[in-house]
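Our numbering puts the last residue of the sequence shown at 757; the count rises by one with no breaks.
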Amino acid sequence: MIYNEAMPQVRPSRTSTQLILDRDFGTLFWGKIGSLIATWAFTIILVTVTYDATGSAKWSGVVSAALMAPQLVVTLGSGSLSDSRGERLPIILGGILCSIGALTLSFWLFLADVEGEEAVVPLLVCAVVSGCGVALFSPALQSVVTRLVRPDELSTAVSLNFFPTALARTVGPAGGALVLAWFGAIPSVLVVGIIYVLSTAAFIMVRVPPSDRKDGDDVRVWSAIRYVVRDRVILYYLVGVAAIGAGAEPAITLAPAIASSVDHHGSAGWVVAAFGAGGLLGVLVHRTVQNRVAPNVEGYAAMTILAVMMALASFSERLDALLVLMVVAGCSMVVGITAFSVAVQQRCSSAMLGRVMAMWVLAFAGVRPLAALTIGFVTEQLSLMAALLGTGAMLVLTALALAAAVARARKRRVAVSVAA
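Below, the structure is given as structure tokens:
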């Protein structure tokens, strides 16, 4: 074949290293690492400071819930804002709110004595402010990826986009607890605020190409819900994300009970850490299999492996074996949610992506409170084994049902296309 200079040249896909060093995607990547580590650290600091001030686990739970509750209210609005005004706005606004919440709390701690239930009010207010920031930037940090990379780089970029989540889940709580123990409440909250400020500065530097949205496009949340329900396949993928979120919850909520089941009552932290380390491994595993299987098949397989690990954990009698199971479980969780995220973003209309990824965030995070209550109740009323085996059964049955439903939906779509 004779080379013709007039022929278009296809650029090869960028490697992971090239992407994380990219002027825009890389800046977003490092900014996301900082903001999510700060969020997890802030959570453990808030809970600890509240408990030290009140001596009440109830108030600690209320403050923790105040940090996460805005996701149930603000997330879909953030998705609509992304689709109407672009992702930069909610990302930057979210970072600013998080910065205000943390820096205000550090200033208040410096001025006031933290003691008694009257200390809860400013803790709650700052938690809600930062929680609104997290709810604003979370969906946009997912949907913006498609605008920063080429289609052939999407799978790699989505995988990299989950690395900060897995890293923050592992490093954030431990880092927050250590800084709090070494330096006290005021410096630790101030450090969180500074990290938020630096991350927001990084987000401001990211150049996001304009969307192809046209004037007059419907950017209401309800229109996106109708779109997902009508598409069906995207809806099924979101159900898969919710199932994985619920299926991974025992590694956090039941960590003390799981550790106690192998006669290591103080090793709950090791269980959570092993699960988080597995999440980091999951980023690499997805990179290995992404070009070998379709994203939805990868997601079904990950759900099944997570189910098996949870079931085996109920029979484990040794801590070392249990930690291996938790590593594999954490790996399968990240592989699964990454695969379904790729599947959703490949299929979704760009005009709907912000709102659909907001639903993705709700599917993954919104199911956790219900899952935590359910497995806690089952463990209390029946046994830990019943909760873990039930979780495994739920994952396997959901994976089978989703595989069948997606296959039917695709056949129906092909039949309609042929008839047309």
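All residues carry an ideal CB built from backbone N, CA and C; glycine is no exception.
Check	Outcome
Under 9 Å between C-beta atoms of A514 and I381	yes
Where the alpha helix (DSSP H) containing P587 begins and where it ends	587 to 590
Identity of the residue in V471, C435, L426 nearest V410 by Cα	V471
Status (buried if at least 16 other CB within 10 Å, exposed otherwise) for E654	exposed
Local Cβ density within 10 Å of K748, reported as buried at 16 or more and exposed below that	exposed
Residue nearest to D760 in terms of C-alpha spacing, selected from S687, G713, C435	Here the chain comprises residues numbered 338 to 757, so residue 760 is not present and cannot be evaluated.
CA nearest to the CA of A375, picked from S651, R348, G512, M542	G512
Residues near I433 by beta carbon distance below 8 Å, same chain, minus five either side	G470, T537
Reduced DSSP category for G438 - H, G, I as helix; E, B as strand; rest coil	helix
Collapsed DSSP secondary structure at L491 in the structure displayed	helix
Spatial distance of V608 from M646 (CA atoms)	13 Å
CA nearest to the CA of T352, picked from I642, V462, V566, S492	S492
DSSP-derived helix/strand/coil call for Q627	coil
S525 to V516 span [Cα, whole Å]	6 Å
Helix, strand or coil at S754 [DSSP, three-state]	Reliability of the predicted coordinates at S754 is poor, the pLDDT of 48 falling under 50, and the value obtained from them is presented with this limitation in mind. Helix at S754.
Cβ neighbours of A695 in the same chain (closer than 7 Å, five flanking residues each side left out)	T412, L413, S415, G416, P476
Which of helix, strand or coil DSSP assigns to E635	helix
Stretch pair the stretch 398 to 406 + the stretch 480 to 489: three plus CB contacts closer than 8 Å	no
Residue closest to L649, alpha-carbon to alpha-carbon, out of Y573, A700, I595	I595
Supposed contact pair R425 and V545 - C-beta distance, whole angstroms, cut 8 Å	5 Å
Nearest to P427 (by Cα), restricted to the options A746, F540, F701	F540
As assigned by DSSP and simplified to three states, the class of M647	helix
Whether L535 touches G431 by CB criterion (9 Å)	no
Run of the alpha helix (DSSP H) containing E717, from where it starts to where it stops	690 to 718
When Q627, G667, G613, V458 are compared against W396, the one with the closest alpha-carbon	V458
Residue closest to Y574, alpha-carbon to alpha-carbon, out of V620, V681, V664, I523	V681
Assigned exposure category for W559 - 16 Cβ within 10 Å defines buried	exposed
Under the three-state DSSP convention, the category D568 falls into	helix
Three-state class that DSSP yields for L358 in the structure shown	coil
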